[in-house]
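The sequence shown begins at 462 in the numbering used here and counts up by one.
Just so it is clear, CB atoms sit at the ideal spot from N, CA and C, and this is done for glycine as well.
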Amino acid sequence: MLENKFEPKIVAFCCNWCSYAGADGAGTARKNYPANVKIIKVPCSGRVNPMFILRAFARGADGVIMCGCHPGDCHYMTGNYYARRRMTLLMSMLEFMGVDKNRFRVEWVSAAEGARFAEVMNKFVADVTALGENVKLRDLRCKK
């Protein structure tokens, strides 16, 4: 009998200068991370509007992760500081909406940390898989 194993839909917002390069480094080093992680390249983590994360959840994402440069190493000087403040507020809002806090994560990954990028993605996917399908924001999802 075929068993339906839950595969979570994961959206990853990655800054162009560090995290996306880290993802590229993970691929170059042949470090595996799940194929169900859909990476969206953004110029800087500071450009990630909290509405992007809410929209990802509303469109069916089971987990969302935002990756940026380490604080102090931003290509645009202060972009990740702005992102950190916004995402802290977003986490409070998600908690208020009843979304499990483990469905959203912020990680700082540099371009030289390809192995760490793969490790972070594997851990996040495992955590979201343990939580199961995101049904909390089902009402907001767009109907086909």
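For the options R577, I471, L592 and K562, the alpha carbon positioned closest to that of C479 is the one of R577. Ranked by Cα distance from N493, the first of G486, A517, V596 and A579 is A579. Exclusion of the five residues before and after M552 leaves K562 and F565 as the residues of its chain whose Cβ lies within less than 7 Å of its Cβ.
Between the C-alpha atoms of G507 and K584 there is a straight-line separation of about 24 Å. Taken in chain order, the complete alpha helix (DSSP H) segments of 4 or more residues contained in the region 495 to 538 are 511 to 519. A direct Cα-to-Cα measurement between N477 and F513 gives close to 17 Å.
Under DSSP, E594 shares a beta bridge with no residue. Just measuring C-alpha positions, the residue of K470, R546, N465 and M582 sitting nearest A484 is M582. Look at V472 here: in three-state DSSP terms it is strand. For A517, same chain residues with a beta-carbon under 7 Å away, outside a window of 5 residues either side, are V472 and V525 in chain order.
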